[in-house]
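Undergrad: For the sequence shown, the working numbering begins at 105 and goes up steadily by one. Pasting in a structure now, in structure tokens, and then I'll have a few things to ask.
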Amino acid sequence: MTFTLEGLKEAMKYMVESQGFDRVLRKMKLLSATPGKVVCEMKVEEEHTNRGGTLHGGLTATLVDVVSTTALLYTERAVPGVSVDMNITYTSAAKIGEDILITAQILKQGRNIAFATVDLTNKATGKLIAQGRHTKYIGS
């Protein structure tokens with residue numbers, strides 16, 4: 105099963121419009137997708153922040169999880185897999201009102217394991233906000 109770009113948009117819409125946790129991403133927009141690479145955008149709003157008024161680290165982790173999974177869906181195998189490991193390096197803050205880009209790329213898909221990287225950057229400056237690595241089990 106392979107997703108078309110429209111199918112990918114529908115899958116993302118389904119995730120964020122659910123009653124589950126992923127609904128915290130309902131304001132995220134898909135900008136582009138090529139096989140194994142997805143770029144999304146989101147404006148940081150108060151609901152996305154910690155007490156310091158910057159993008160919450162937990163939301164950053166959710167962005168890494170969801171956007172890398174979306175990139176995995178937009179490959180020939182089109183399977184979401186399940187998380188095995190995820191790590192995030194936080195390099196700078198994103199403040200309320202700033203637009204961020206979330207770029208996920210599948211580094212490798214093996215028979216059972218897939219590896220992805222996700223960069224969160226400030227759209228205006230290009231400054232790196234966080235970088236995540238996500239490993240997923242994709243076997244049968």
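For glycine and all other residues, C-beta sits at the position ideal for the given N, C-alpha and C.
Below 8 Å, can you find three or more Cβ-Cβ pairs linking the stretch 143-155 to the stretch 192-202?
TA: Contact holds: three or more Cβ-Cβ distances are below 8 Å.
Undergrad: Just the Cα atoms here: how many angstroms apart are TYR178 and ASN154?
TA: 32 Å
Undergrad: What is the DSSP secondary structure of GLY124, reduced to helix, strand or coil?
TA: If DSSP states are grouped into helix, strand and coil, GLY124 belongs with coil.
Undergrad: In whole angstroms, what separates the C-alpha of LYS261 from that of LYS117?
TA: As displayed, the chain neither begins before 105 nor continues past 244, which places residue 261 out of reach and without an answer.
Undergrad: My output table needs one value for THR152: the three-state DSSP class, helix, strand or coil.
TA: Here residue 152 is His; the residue named in the question, Thr, does not match the sequence. Helix at HIS152.
Undergrad: What span of residues does the beta strand (DSSP E) with THR225 cover, start to end?
TA: 217-226
Undergrad: Quick check on the DSSP output: the alpha helix (DSSP H) that includes THR63 runs from which residue to which?
TA: Examination of residue 63 is not possible in this model, given that the chain is present from 105 through 244 alone.
Undergrad: VAL248 and VAL222 look like a contact to me (Cβ under 8 Å); what is the Cβ gap, rounded to whole Å?
TA: Only positions 105 to 244 of the chain appear in this structure, which leaves residue 248 out of reach.
Undergrad: SER196 lies in the beta strand (DSSP E); which residues open and close that run?
TA: Run containing SER196: none; DSSP gives neither H nor E here.
Undergrad: Would you tell me roughly how many angstroms separate the C-alpha atoms of GLU265 and GLY156, rounded to the nearest one?
TA: An answer regarding residue 265 cannot be provided, because it is not within the stretch 105 to 244 covered by the chain.
Undergrad: For ALA182, report the span of its alpha helix (DSSP H) as first-last.
TA: No alpha helix (DSSP H) holds ALA182; DSSP gives it neither H nor E.
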